[in-house]
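In what follows, a single structure is set out as structure tokens and then discussed.
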Amino acid sequence: MLKRQVQNNIQTVIGHKGYGKTVLTEALMLLADKPTIVADPRFQYSTDQKRRVGFKSVGEFRKWIYNSTNFKDFYRYKLELVVNAFDDTFEELAQIVFKMRFLMFVVDEVDMFFDTRATAKNSLYKIIHYGRHNEIDLISTSRRPANISRNLTSQTDIFYFSKLREPTDKKYIKDAIGGEYVSKVEHLERFSFLKFQDEEHQEIIKTNERDIELLERA
Ligand SMILES: Nc1ncnc2c1ncn2[C@@H]1O[C@H](COP(=O)(O)OP(=O)(O)OP(=O)(O)O)[C@@H](O)[C@H]1O
Ligand SMILES: [Mg+2]
Numbered sequence: 056m057l058k059r060q061v062q063n064n065i066q067t068v069i070g071h072k073g074y075g076k077t078v079l080t081e082a083l084m085l086l087a088d089k090p091t092i093v094a095d096p097r098f099q100y101s102t103d104q105k106r107r108v109g110f111k112s113v114g115e116f117r118k119w120i121y122n123s124t125n126f127k128d129f130y131r132y133k134l135e136l137v138v139n140a141f142d143d144t145f146e147e148l149a150q151i152v153f154k155m156r157f158l159m160f161v162v163d164e165v166d167m168f169f170d171t172r173a174t175a176k177n178s179l180y181k182i183i184h185y186g187r188h189n190e191i192d193l194i195s196t197s198r199r200p201a202n203i204s205r206n207l208t209s210q211t212d213i214f215y216f217s218k219l220r221e222p223t224d225k226k227y228i229k230d231a232i233g234g235e236y237v238s239k240v241e242h243l244e245r246f247s248f249l250k251f252q253d254e255e256h257q258e259i260i261k262t263n264e265r266d267i268e269l270l271e272r273a
């Protein structure tokens, strides 16, 4: 019998400021139900929720995760570790994540860390291309798709686009999923997204107040 190939799932969320990317991402994290590490450079993620632990720096996170009791708790309780990683420390965070297994990695504002100049040396590149061996799933968000590395675009399994109108954004949509979807994305309401896997699997989805309530209680 053929053994099912283990895959990592790569989801990419793209949209304007304030159009609901973070709320959608938190909902996707809840659905995935995995131990999660979030790179949060803009302090978007509250750490009030029961399963969340916040870290003000990658150094602080490193010390915590290298403790074996903490490491076990991360997997046992499927914790969500929110790390304020910035330009100069993100690479170290991605390196630590790449050495781990069976988890979800969330990168907010991914173009800050992985833009069109990114190379195969970047640990995020390794997570994207070889993460399937370690079962590392990835969700990333961005406001500016034109800046995102094509390495991420080409490996994305599911895109979520909110309303985008700039010519460079439209070009990105055309190149990533096809010109026929540009007008669909242009006319989306706030908090609505075009979820696109392939031509047969695409739909408009919308988060709502109830999702936010559930997320606050999670
Ligand atoms: N479906 C929704 N219904 C009502 N309010 C929402 C919904 N989704 C998000 N919001 C609210 O709208 C605001 C912006 O949402 P969110 O932070 O998710 O946007 P964003 O796209 O991540 O923004 P940014 O680009 O600044 O990161 C927040 O105050 C959030 O609580
Ligand atoms: Mg956000």
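When we follow my numbering, the leftmost residue of the sequence shown carries the number 56, and every step to the right adds one. Glycine included, each C-beta is placed from N, C-alpha and C at the ideal position.
1) Quick one: give me the first and last residue of the beta strand (DSSP E) that V108 is part of.
2) Straight-line CA distance for T196 to L243?
3) Using DSSP with H/G/I as helix, E/B as strand and the rest coil, what is Y74?
4) Suppose the cutoff is 6 angstroms on Cβ atoms and the five residues either side in sequence are ignored; what does the same chain contact list for G70 look like?
5) In chain order, what residues place their C-beta within less than 5 angstroms of a heavy atom belonging to ligand 2?
6) Measure the C-alpha to C-alpha separation of I151 and R117 and round it to an integer number of angstroms.
7) For chain C, find out if any of its Cβ atoms is closer than 8 angstroms to the Cβ of Y130; answer yes or no.
8) For the candidate residues F98, T67, Y74 and A231, whose alpha-carbon lies nearest to that of M55?
9) Could you please give the first and the last residue of the uninterrupted beta strand (DSSP E) stretch that includes T38?
10) Counting along the chain, where does the beta strand (DSSP E) carrying E135 start and finish?
11) Mind checking which residues open and close the alpha helix (DSSP H) that includes Y185?
12) Three or more beta-carbon pairs under 8 angstroms between the segment 249-256 and the segment 200-217, yes or no?
13) Just to confirm, are Q104 and D163 a CB contact at a threshold of 8 angstroms?
14) Determine the direct distance from the alpha carbon of I92 to that of I183, and round the result to whole angstroms.
15) Comparing C-alpha positions only, which one of V240, K226 and R205 sits nearest to T174?
16) If you count every other CB in all the chains shown that lies within 10 Å of the CB of L136, and 16 or more means buried, which is it?
17) Are Y180 and A201 closer than 8 angstroms when you measure CB to CB?
18) Just the Cα atoms here: how many angstroms apart are A273 and R106?
19) Could you tell me the boundaries of the alpha helix (DSSP H) in which V165 lies?
20) Looking at the unbroken beta strand (DSSP E) that takes in Y215, where does it start and where does it end?
21) If you run the structure through DSSP and keep just helix, strand and coil, what is F145?
22) Is there at least one non-hydrogen atom of ligand 1 closer than 7 angstroms to the beta-carbon of T262?
23) Which residue or residues does DSSP assign as beta-bridge partners of L269?
Taking the structure as given:
1) Its beta strand (DSSP E) spans residues R107 to F110.
2) Roughly 18 angstroms between the two C-alpha positions.
3) Assignment of Y74 by DSSP, reduced to helix, strand and coil, places it in the coil class.
4) Same-chain partners within the cutoff: K76 and S217.
5) Here the residues come out as K76, T77 and Q99.
6) Their Cα atoms are separated by approximately 8 angstroms.
7) Considering every chain present, this structure includes no chain C. It has just one protein chain.
8) No answer is possible for residue 55: it lies beyond the span of the chain, which begins at 56 and ends at 273.
9) Residue 38 lies beyond the range of the chain shown here (56 to 273); nothing can be said about it.
10) In the DSSP annotation of this structure, the continuous segment of the beta strand (DSSP E) that includes E135 starts and ends at E135 to V138.
11) Unbroken alpha helix (DSSP H) run through Y185: S178 to N189.
12) A contact exists between the segment 249-256 and the segment 200-217.
13) No, they are not a contact pair.
14) Computed Cα separation, rounded: 15 angstroms.
15) Looking from the CA of T174, the closest CA among V240, K226 and R205 belongs to R205.
16) By the 10 Å Cβ count, L136 comes out buried.
17) It is not a contact, given that the beta carbons lie outside the stated cut-off.
18) Roughly 8 angstroms separates the two Cα atoms.
19) Looking at the DSSP string, V165 is not in any alpha helix (DSSP H), and its letter there is neither H nor E.
20) Unbroken beta strand (DSSP E) run through Y215: I213 to F216.
21) It is helical.
22) Within the cutoff, so yes.
23) Answer is none; L269 lacks a bridge partner.
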